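Number of protein chains: 2
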Amino acid sequence: MMAPSPEGSDDVLWSDLPKGPLSVYRERASFSCRELLLFWEGEDVLRFKKMIFSALENDPLFARSPSANLSLEKYRELTFLRCKRVFEYDFFNMENLLQSPMSVLSVIQCLGMFDWSLAAKCVLNVLVFGTAIYSSGSQRHFKYIEKIYTMEIFGCFALTEVSHGSNTKAIRTTAHYDPATEEFIIHSPDFEAAKFWVGNMGKTATHAVVFAQLHMPGGQCHGLHAFLVQIRDPKTLLPMPGVMVGDIGKKLGQNGLDNGFAMFHKVRIPRQNLLNRTGDVTPEGTYVTPFKDVRQRFGASLGTLSWGRIAIIGMSVVNLKLAVSIALRFSATRCQFGPTEEEEIPVLEYQLQQWRLLPYLAAAYALDHLSKSLFIDLSRLQQDLRRGDGGTAQAELGREIHALASAGKPLASWTAQQGIQECREACGGHGYLAMNRLGDLRNDNDPNCTYEGDNNVLLQQTSNYLLGLLEHRLQDGARFKSPLKTVDFLEAYPTILGQKFTGSSMADWLDSSGPLVAYQWLVCYLLQESHQKLNQEKRSGSSDFEARNNSQVYYCRSLALAFMELIVAQRFHEFTHGPGVPPSLRAVLERLSALYALWSLNQHVAVLYRGGYFSGEQAGKTMEDAILHLCAQLKDDAVALVDVIAPPDSVLNSPIGRADGELYKNLWNAMLQESRVLERASWWPEFAVNKPVDGSLKAKL
Amino acid sequence: MMAPSPEGSDDVLWSDLPKGPLSVYRERASFSCRELLLFWEGEDVLRFKKMIFSALENDPLFARSPSANLSLEKYRELTFLRCKRVFEYDFFNMENLLQSPMSVLSVIQCLGMFDWSLAAKCVLNVLVFGTAIYSSGSQRHFKYIEKIYTMEIFGCFALTEVSHGSNTKAIRTTAHYDPATEEFIIHSPDFEAAKFWVGNMGKTATHAVVFAQLHMPGGQCHGLHAFLVQIRDPKTLLPMPGVMVGDIGKKLGQNGLDNGFAMFHKVRIPRQNLLNRTGDVTPEGTYVTPFKDVRQRFGASLGTLSWGRIAIIGMSVVNLKLAVSIALRFSATRCQFGPTEEEEIPVLEYQLQQWRLLPYLAAAYALDHLSKSLFIDLSRLQQDLRRGDGGTAQAELGREIHALASAGKPLASWTAQQGIQECREACGGHGYLAMNRLGDLRNDNDPNCTYEGDNNVLLQQTSNYLLGLLEHRLQDGARFKSPLKTVDFLEAYPTILGQKFTGSSMADWLDSSGPLVAYQWLVCYLLQESHQKLNQEKRSGSSDFEARNNSQVYYCRSLALAFMELIVAQRFHEFTHGPGVPPSLRAVLERLSALYALWSLNQHVAVLYRGGYFSGEQAGKTMEDAILHLCAQLKDDAVALVDVIAPPDSVLNSPIGRADGELYKNLWNAMLQESRVLERASWWPEFAVNKPVDGSLKAKL
């Protein structure tokens, strides 16, 4: 039994960590794991997550079976059954979600820690489909939201087509209005315009929010609108007339989710099924819209886009947390080589292994903080908008959040993808064994780089935002100023650009304030360079389209990423240095903050030198020394830091990553539970009897 | 029909490329695809590969089935049946392999292009198991090699244990000699010492080459030796008494191959089963060895290690070739956005897409050349050794090749792994669809980073080699000189370190000679820095073990990688600038050479500035300009360059990468062939009838 926690919280919140090979590192930790857990999550969230994890742990439907033996069909059935069970537990309780938006993030993350297929299946139905109806529809559509909860219907969100993803304006599905019957006719002109990749559409969904070009009887096209289309009969799950709907097949990951396609052959739906928040059609066939201003209509929709992107930041963070938890527990128990031939030491003791893994641990914390803080920002904006407070301030906030979400999603998903790969390799062969889960994490995280906007395309939103502000300043003398103040430092850019790094020792880098100053210079430099590059392209005769395309590599793309890294580092710095941090946690959190900032900045050293911010050998060297120094300082805290972010063993589901650290025992136990481990192969007579005759078919060549 | 090739070779060597959407790019190519193909592969290799591909294409056993539906058991059965068929075709014809070592590489690559599980299964049995017997055994063991070909036995190679991979010296399986019965007793002390990860051991192998610590009756231990151990009865495939052998379960990839484990409980094998090339035991129990010198014995074994690593370079190259083939054909046919709202352009026209993919195309060519040239170097060394020519010159050559293979394997496997990931993302959602194969490539290439030595650990072999040479020079005044001349330039290192980049325009970079000069400086600088760092660590009281560990990150590791990149770039430069290159191919090959060298060097710009080789903004900028300029020059050649390295469609097996470029048609065809695409799910009543009651289980929480 552990002593009651110093904060006096009840023991329901804690699970005792088992004694074992990891205890050595746990005892060396510079802080109390419980204290950090409570500080990091807050008691409410902790209680809520614990409730979800306990439910999963105690319900046999969520018991893990060796995935090797699940066919695609069986895996999807199991995922669907679990999805139903999630409704029975009411994790997506509507009242709760509205009252505490943060709990949405918690539910997604807990289910995702268990299995992204399940999380995606629930989220696409309840949140994406549901929110599309709620935010794009009106009173007459809200009954469908109730039907989601009773599972009278099951929803999906159909925007992407086979031949159009990023370029949504070029979507080719049509919706022609027929005033004679007061119906829309939904139609796919050919199979290149089939809806594609739609999650839940493959086997389950009865209803889809379908995006189509709205055509009026007079021939006028009003652009993309969303329509509620029934695609299957809920009584039979057979397709509705005119709908060819099917499954797109196996993906690299998330195979418990049924992604599908649909082609519509002149499918008629009632006029009322147009989700009419931004535009409606009268029975007679007149188009009406409440928005006078296209820009305003566009601004209103940016908020919705940001939800998806910010959710993906959170999803990526979960994957990174799981991967570093597995790899660091493995590294603390796996011994290989040592100072003498007899004595072997944990691989975590090697500087190289620390350098490979600890920056990703720091990134998991820094990006987790970003994810939560952006979620709060966006929730506030949504509240303002719901209060009808949709003025210029809100539009500006919407644009700023959009810029942050559009670069935050690429940064988080890439960091997670690279981190998972590094963790896989850092676990050597054992990382390549499917049961240890790093493969699933890599495969399940991968689409985060693509959906809700390809990462490279999304980054342009952020660089465009920054370049637009600069242009506005140069043309109109406007100040750099934004509601969340993320761009305010740019106001001083002429001064900042004149700065040079004057430090001379490693100590100059050991607090994150050091790298932050360098980051501000870096962003100013890249902003100026990108702006010049764009102008130079235009002066040399390029169209706007060409100029922008030819300014991405080494310019706008780098600008967007560097800006976002600065924001992540800045927010984490402020959080870890704030007055609310308990004194006993300050040291470890400040080290994480410095390590993340330095390690990220280290990718840009070439630019720091090239632009003149750095000069001489020392600047770069002291920075590298600082990174390694922080790694060494953090390695004894690593296991305890992982204990704070790792879910229970049954959810983490990785023999080499279990909390008891009994690496080899757990591996053997899991392995011997797999199917037919020791049994001879069913096809043994193919070896024993039917011998090949070497070269017998050579004549056929 | 295409016109006969200018070289007059017969048409058997060519397959006509289908007309279609890719024709536009093919017509724009600056060179003849046939001419490059013939020049790149040579007629003999081309004919040999064509023969293998045709056999695969025409044999229904090698027809592709949607992998989604293959269970682990079925996939392994299919792989075994295909392996038997490979013997029937006699692709591993022993005489052929001995006469033309290059054909070994061709067979591995052709089978690997088809499926790595199959290639690995064959290679582990015939080449790894067979070569181990051939090179570690003696006359009395050679009968087993014949038995491989008649499939009386099936082999595996058992070195790694659960708890020891990289540190092979710490292997704990024992072989005690019992003179009473003239037998060895093979024993696994506990399950941490079980042989693990052994390919073919899971379900198939009857015999294993087992590495164990040789103990003599007197108690003396002579270290690791190889023993031939029968593990299953060939008549039944049931385990032999005392052998607990089984399957380690699902891996991230290569699941057609059965990786296994084995624990030995006092298993007795005849004395003759010791593979006795480097040491033998007399019937009475005396240990005898032909080697007087441990160093010489060690040197002799380095050659064998290099085979595996050089094979992996070739395997990685195959994966990179397949991935860029898929991604570039996709990029040339996938249109998205454009200068006007109506007109969309292929994504290959975007500078960003070119920059993401074309350097990997260049890397595929450069590393392919490295793979072949190292293979030739090693074959020559083997020939010398077989002629008994095992003097100092051969030992030096062995060490040099070992250093190249030990860094070449990490460089090639990482480049492939990163390249495949970039290709996956560059194909957006379609890259995430399993049928397009990028997932399999990523999963199948992944272990190349781990087996035959973890990449980071292997790099130390190379940096140790270079640091040893420097030490030898400083201590004994020895010259930098090696049989393949890869280190000879280091002789001038004091002069080279004084050099500075003096170029001022992009033109200074457009030939690979530019980056090569910079690379030489870089390697000298990193060598000097690593040497200083090591000494500084030692002076501050670190043991040799600690000093080496603390000099890897930013020093020795960077040194090994930079040195290897230089070698790859240098060899490719010499090849592309050699007199044998047909004039019509020079331009495109020289561009590939420059792009690979520049793109690789670009990772080190921070060091170039920091060490004073670069100064001012222009150096870095002109280099980036050159990379983008070369990309733009190569984009119209990309499709033709892919045609040279891509296998036939049936082997490439990727709807979005087919040679006809009919992206969407191929995608639909393949998708509709998957199982139950349009059928409703078997579990439909779980939706239609058994509705969940929202919140019904809430009370249980």
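As you go down the protein sequences, you meet chains A and B in turn. When you read off a place in the first sequence, starting at 1, and then add 53, the result is the number in my numbering. When you read off a place in the second sequence, starting at 1, and then add 53, the result is the number in my numbering. Glycine included, each C-beta is placed from N, C-alpha and C at the ideal position. Note that the structure is predicted; figures quoted are calculated from it, not measured.
Under the three-state reduction of DSSP, Gln671 (chain A) is assigned to helix. Here Val371 (chain B) is not bridged, per DSSP, to any residue. Contact between the region 466-473 of chain A and the region 370-385 of chain A is present: 3 or more CB-CB pairs across the two stretches fall below 8 Å.
Taking one beta carbon from each stretch, the region 649-667 of chain B and the region 562-576 of chain B have 3 or more pairs nearer than 8 Å; the two touch. Your pair Ser219 (chain A) and Val634 (chain A) does not check out as a contact, with CB atoms roughly 41 Å apart and the cut at 8 Å. Arg477 (chain B) sits buried, since 16 or more C-beta atoms from the chains shown fall within 10 Å of its C-beta. Beta-bridge pairing by DSSP links Gly208 (chain A) to A:His260. The beta-carbon separation of Leu427 (chain A) and Ile363 (chain A), rounded to 5 Å, stays under the 8 Å limit for a contact.
Exposure of Asp541 (chain B) is indicated by the presence of fewer than 16 other C-beta atoms within 10 angstroms of its C-beta. In chain order, Tyr142 and Asp143 make up the part of chain A whose C-beta sits under 7 Å from the C-beta of Lys751 (chain B). Secondary structure note for Gly313 (chain A): its beta strand (DSSP E) is the uninterrupted segment Asn312 to Phe317.
Taking CB atoms only, Tyr230 (chain A) has no neighbour in chain B less than 9 Å away.
Three or more Cβ pairs closer than 8 Å define a contact, and the region 725-736 of chain A meets that threshold against the region 295-315 of chain B. Apart from sequence neighbours up to five positions away, the residues of its chain that approach Lys586 (chain B) with a beta-carbon distance below 6 Å are Ser604 and Tyr608, ordered along the chain.
For Leu281 (chain A), the pairing in a beta bridge is given by DSSP as A:Val262. With distances taken between CA atoms, Gly276 (chain B) lies nearest to B:Lys222 out of B:Ile429, B:Lys222, B:Leu290 and B:Ala685. Taking 8 Å as the upper bound on Cβ-Cβ separation, chain A lies near no residue of the region 573-588 of chain B. By the C-beta criterion, the region 706-717 of chain A is judged not to be in contact with the region 118-136 of chain A, since fewer than 3 inter-stretch pairs fall below 8 Å. Taking every protein chain shown into account, the CB of Pro323 (chain B) has fewer than 16 other CB atoms within 10 angstroms, so this residue is exposed. Residues of chain A with a Cβ closer than 7 Å to the Cβ of Ala108 (chain B) are, in chain order, Leu754.
Taking C-alpha positions only, Val341 (chain A) is separated from Phe390 (chain B) by approximately 29 Å. In summary, Arg409 (chain B) is buried, with 16 or more beta-carbon neighbours lying within 10 Å of its beta-carbon over all protein chains present. The beta-carbon separation of Leu491 (chain A) and Cys480 (chain A), rounded to 7 Å, stays under the 8 Å limit for a contact.
Of all residues in the region 637-658 of chain B, those with a C-beta nearer than 8 Å to a C-beta of chain A are Val658, reading in chain order. Pro399 (chain B) sits in a strand when the DSSP states are folded into three classes. Between Phe383 (chain A) and Ile709 (chain A), the C-beta spacing is below 9 Å. The beta-carbon of Pro500 (chain B) is placed less than 9 Å from the nearest beta-carbon of chain A. Those residues of the region 234-264 of chain A placed with their C-beta closer than 7 Å to a C-beta in chain B are Phe244, Glu245, Trp250, Lys256 and Thr257, ordered along the chain. Closest in alpha carbon position to Met617 (chain A), among A:Arg639, A:Tyr572 and A:Leu642, is A:Tyr572. Asp143 (chain B) and Gln447 (chain B) have their alpha carbons spaced roughly 33 Å apart. Ser219 (chain B) belongs to the set of residues whose beta carbon lies under 9 Å from a beta carbon in chain A. Beta-bridge annotation (DSSP): Gly556 (chain B) is not paired with any residue. Listed along the chain, the chain B residues whose CB falls inside 9 Å of the CB of Glu670 (chain A) are Arg663, Gly664 and Gly665. Apart from sequence neighbours up to five positions away, the residues of its chain that approach Val160 (chain B) with a beta-carbon distance below 6 Å are Phe144, ordered along the chain. At a cut-off of 9 Å between beta-carbon atoms, Lys462 (chain B) makes no contact with chain A. Neighbourhood of Ser596 (chain B) in chain A, by CB distance below 9 Å: Pro392, in chain order.
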